[in-house]
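Asks: Before we start, here is the structure in question, set down as structure tokens.
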Amino acid sequence: MTNAIVVEGLVKRFGTVVALDGIDFEVPAGTVFGLLGPNGAGKTTAVRVLSTILRPDGGRAEVLGHDVARDPRSVRAVIGLAGQFAAVDPNLTGAENLRLIAKLVHLRRGDVAPRAEELLERFGLARAGGRPVRTYSGGMRRRLDLAAALVHRPPVLFLDEPTTGLDLQGRSELWEMIRTLVADGTTVLLTTQYLEEADRLADRVAVVDGGTVIANDTPEALKTELGSTVIEVGLPDEAAAVRAYDLLARDFAGAAEREGATVRLKSHDGTHALMDVLRAFDADGLDPATLTVREPSLDDVFLRLTGRHAEPAPGPESLEAGVA
Amino acid sequence: MTAIAQDIKIPRPPSETSPARVVQDAIAVAQRNLIAYRRVPQLMVFSTIQPVIFVLMFRYVFGGAIHVPGIPYVDFLMPGIMVQTVVFGSMGTGIGLATDVQSGLLERFRSLPMARSAVLAGRTLADLVRNVFVAFLMVVVGYAVGFRVQTNVPAFLFGIFLVLLFGYVLSWIFATVGLLVGDPETAQAAAFPLMAPLVFASSAFVPVKSMPGWLQAFASHQPVSVTASAVRGLMVQGPVLSNALQSIAWSALILLVFVPLAVSRYRRAV
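Read top to bottom, the protein sequences are chains A and B.
In terms of the numbering used here, the first sequence has 174 at position 186, counting the first letter as 1, and numbering is strictly consecutive.
In terms of the numbering used here, the second sequence has 218 at position 203, counting the first letter as 1, and numbering is strictly consecutive.
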């Protein structure tokens, strides 16, 4: 398989801050590659260098064989970029935004309006297309932003935290649209802070920390290797919890723990473990009071890989815009 | 390093720098910026109502107390107000660009296969178009409050040209400021202290001779003064040639310094 994106020892500094410290990865054509990491890890910087917005200070990067530093013009012709800020003009209508981009990427004059209409239709914005974007919801803006990145049908697409700040519904809508794109053969590089997002979309994930790749694997492997599903059952009282713990200790040696009236089980195969747990409790007449199943998160992955938490999570997005 | 995708069809990179492309792209960007003037009432108010208030204020409130030898104050005032209006208006260029930096729109533009210079060219072009409209409005309002052109049509038109040229040139200063600070509030805050001395310590509203001596030296030769005086000479009465030449020289100097500065900031602004 050929590589659509090749990154070798890429370095980017801002003054004394080293945002990219020799980052390496390859993205095979037609696949989705996830850059996973906390704010400030260097994900956005990597995307900005790859999309020719920033010049690298060292190493090299190629998109479809074009060097981003030596031949940025050719790179721009083959990439689309949708950022975390929904870079559309709030004063223009959805249709005007897309027509503007269509003109700027030099579609034939006669294709400008039809292409805008087609994209509005495809992203569920046909009815809102005549309204100024400032009246759009966050999810609609992101969809328009994604549409704007696709106007010139780029074979390579960069999505920088495409769903940050979206609600659950907006997020799954966007995921669906990204999947459709990939089915059409587009190569996608996406950055995210959510393990779940990388898991849902990416064929391969690089975990980024301090401007370097600290793990590069399939999402399944990352999850199995690094994180695990946590099943937490609250029992009515401590006596019941002790009985429950004994059951778990018998069936899942070493993976069970008890804390007061709560028992906890960590498993790499969460779904089956959950069924086993409930079956065992039911057979023994145990009646759980609460039940929580937690999927491994970026934080779990991080803790395993680095021994520390994936700070700084809920900071302002501008933080990363500034230094990352 | 493995094989690079040779088999993937790569669109031929368009020549981004051909003059036709630059003009085409700049016009597309300018259209976008002009739509904003139509859709955002505040922008339109700032560009039109504010100068009209200045005209009324100086004509009817302060004007009575300002004595200019030789000509009615309204004739002295209007050329000055026209220059002041485009100076204040040029701040909009900076605020607009800072807004685009903040919203990420500039980042998108820079990732597109479009002419690099088109964003700044388009923005300043849009502000020039706005100034044409505002200058027209100023002439209409001026006539309504008693201003009369005392010279001839070519001289008047050349005066308007100087006003527009000066406004265009200043747009590049504030484009640089806007790109440097990167957020609209700061751009506005940074612009005012830059502009206030230029506009008020000038011959735009009062004769320079009424100022203390130490201030006269600055006030006589700074760009707003020489432009206002040249425009006054062209529309009403007074010396033209020296002032017009100084105004054009200032404009050339500012362009020489600030176009490269703004462009280099644009290349780096994120």
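Even for Gly, the Cβ is constructed at its ideal location relative to N, Cα and C.
#1: Quick one: what's got a C-beta closer than 6 Å to A/P143's C-beta in the same chain, skipping five residues either side?
#2: Answer yes if the stretch 147 to 159 of chain A comes into contact with the stretch 78 to 86 of chain A, meaning at least three C-beta pairs across the two stretches below 8 Å, and no otherwise.
#3: Tell me whether the stretch 145 to 153 of chain B and the stretch 100 to 108 of chain B touch, counting them as touching only if at least three CB pairs, one residue from each stretch, are closer than 8 Å.
#4: When you compare each of A/N204, A/T280, A/R119 to A/T259 by their alpha carbons, which one comes out closest?
#5: Suppose you measure from the CA of B/S186 to the CA of A/G173; what does that come to, to the nearest Å?
#6: Report all residues from its chain with a CB closer than 6 Å to the CB of A/G46; omit the five preceding and five following residues, and keep chain order.
#7: Between the alpha carbons of A/G310 and B/A205, how many angstroms are there, rounded?
#8: On the CB-based measure, 16 or more other CB atoms within 10 Å of its CB, does A/D272 come out buried or exposed?
#9: So, are the CB atoms of B/T108 and B/T139 less than 8 Å apart?
#10: Cα-Cα, which of A/L38, A/E226, A/L266 is closest to A/I(-7)?
#11: Only counting the same chain, and skipping five residues up and downstream in sequence, which positions put a Cβ closer than 6 Å to that of A/A194?
#12: Could you please give the first and the last residue of the uninterrupted alpha helix (DSSP H) stretch that includes A/K31?
#13: To which residues of the same chain is A/E105 closer than 8 Å at the C-beta, ignoring the five residues directly before and after it?
#14: Just to confirm before moving on: does the CB-CB distance between B/V89 and B/R74 stay below 8 Å?
#15: Quick one: which chain B residues come within Cβ less than 7 Å of A/D77?
#16: Given 8 Å as the limit, is there contact between the stretch 129 to 143 of chain B and the stretch 255 to 270 of chain B, that is, 3 or more CB pairs closer than that?
#17: When DSSP labels each residue in this structure, what does A/F240 get in the three-state scheme?
#18: What do you get for A/T175, buried or exposed, if any count of 16 or more other CB atoms within 10 angstroms of its CB means buried?
#19: Going along the stretch 127 to 144 of chain B in order, which residues come within less than 8 Å of chain A, judged by CB to CB distance?
#20: Using the DSSP secondary-structure output, state which residues sit across from A/L147 in a beta bridge.
#21: Along chain A, which residues have their Cβ under 8 Å away from the Cβ of B/V55?
#22: Would you check if the stretch 260 to 270 of chain A and the stretch 160 to 172 of chain A touch, i.e. whether three or more CB-CB distances between them fall below 8 Å?
#23: What is the DSSP secondary structure of A/D77, counted as helix, strand or coil?
#24: How would you list, in chain order, the residues of chain B whose beta-carbon sits under 8 Å from the beta-carbon of A/V93?
#25: Inspect the CB distances between the stretch 164 to 179 of chain B and the stretch 113 to 125 of chain B and report whether three or more fall short of 8 Å.
#26: According to DSSP, what are the bridge partners of A/P16?
#27: Tell me whether B/I68 is buried or exposed, calling it buried when 16 or more other Cβ atoms sit within 10 Å of its Cβ.
#28: From A/I219 to B/I42, what distance separates their C-alpha atoms?
#29: Does the beta carbon of B/D90 sit closer than 8 Å to a beta carbon anywhere in chain A?
#30: Over the uninterrupted alpha helix (DSSP H) stretch that includes A/D264, give me the two end residues.
#31: In chain B, which residues lie with their C-beta within 7 Å of the C-beta of A/L138?
#32: Starting from A/N204, follow the alpha helix (DSSP H) in both directions and report where the run begins and ends.
#33: Say whether chain B places a C-beta atom closer than 8 Å to the C-beta of A/L(-2).
#34: Do the stretch 175 to 192 of chain B and the stretch 271 to 281 of chain B touch if we need at least three Cβ pairs shorter than 8 Å?
#35: Alpha carbon to alpha carbon, what distance is there between A/A136 and A/T152?
#36: Between the C-alpha atoms of A/L183 and A/D288, what's the straight-line distance to the nearest angstrom?
Replies: Here's the rundown:
#1: The residues V66, in chain order, have a CB closer than 6 Å to that of A/P143 in the same chain once the five nearest residues on each side in sequence are set aside.
#2: Between the stretch 78 to 86 of chain A and the stretch 147 to 159 of chain A, the count of C-beta pairs closer than 8 Å stays below three; the two stretches do not touch.
#3: Three or more Cβ pairs closer than 8 Å define a contact, and the stretch 145 to 153 of chain B meets that threshold against the stretch 100 to 108 of chain B.
#4: If we check each option's Cα against that of A/T259, A/T280 comes out closest.
#5: Taking the straight line from one Cα to the other gives about 44 Å.
#6: Non-local beta-carbon contacts of A/G46 in its own chain, meaning distances under 6 Å to residues more than five positions away in sequence, involve V(-1) in chain order.
#7: Note that A/G310 scores 37 on pLDDT, short of 50, meaning its location in the model is unreliable; the coordinates nonetheless yield the value given after this. Each residue's CA atom was taken as its position, placing A/G310 and B/A205 some 20 Å apart.
#8: Around the Cβ of A/D272, a 10 Å sphere holds fewer than 16 other Cβ atoms; the residue is exposed.
#9: A contact, by the Cβ cut-off of 8 Å.
#10: A check of alpha carbon separations from A/I(-7) across A/L38, A/E226, A/L266 identifies A/L38 as the nearest.
#11: Once the five neighbours on either side are set aside, the close Cβ partners of A/A194 are F13, L23, V201, N204.
#12: For A/K31, the enclosing alpha helix (DSSP H) begins and ends at 31 to 38.
#13: Residues A83, A114, G117 of the same chain have their beta carbon placed closer than 8 Å to that of A/E105, with the five preceding and five following residues left out of the count.
#14: Going by C-beta atoms, B/V89 is nearer than 8 Å to B/R74.
#15: Correct list: R47, L120.
#16: The stretch 129 to 143 of chain B, when compared against the stretch 255 to 270 of chain B, does not touch it at the 8 Å Cβ threshold.
#17: Of the three classes helix, strand and coil, the one that applies to A/F240 here is coil, per DSSP.
#18: Buried, since its Cβ has 16 or more Cβ neighbours within 10 Å.
#19: Look at the stretch 127 to 144 of chain B: the residues with a C-beta under 8 Å from a C-beta of chain A are L127, P128, M129, A133.
#20: DSSP lists A/A70, A/L178 as partners of A/L147.
#21: Among the residues of chain A, those whose CB is under 8 Å from the CB of B/V55 are N79, following chain order.
#22: Not touching, per the Cβ criterion.
#23: Coil, per DSSP.
#24: Within chain B, the residues near A/V93 are L127, P128, M129.
#25: A contact is defined here as three or more CB-CB pairs under 8 Å, and the stretch 164 to 179 of chain B fails this definition with respect to the stretch 113 to 125 of chain B.
#26: According to DSSP, A/P16 bridges with A/N(-9).
#27: By the neighbour-count criterion, in which 16 or more other beta carbons inside 10 Å mark a residue as buried, B/I68 falls on the exposed side.
#28: So the two alpha carbons sit approximately 60 Å from each other.
#29: By this cut-off, B/D90 is not an interface position.
#30: Where A/D264 is concerned, the enclosing alpha helix (DSSP H) stretches over 258 to 271.
#31: Counting only Cβ-Cβ distances below 7 Å, A/L138 has no contacts in chain B at all, with the closest Cβ about 12 Å away.
#32: For A/N204, no alpha helix (DSSP H) segment is defined; the enclosing uninterrupted segment is the beta strand (DSSP E) at 200 to 205.
#33: Answer no: the Cβ-Cβ gap between A/L(-2) and chain B never drops below 8 Å.
#34: Verdict: yes, contact present.
#35: Going by the C-alpha atoms only, they are around 18 Å apart.
#36: One C-alpha to the other measures close to 9 Å.
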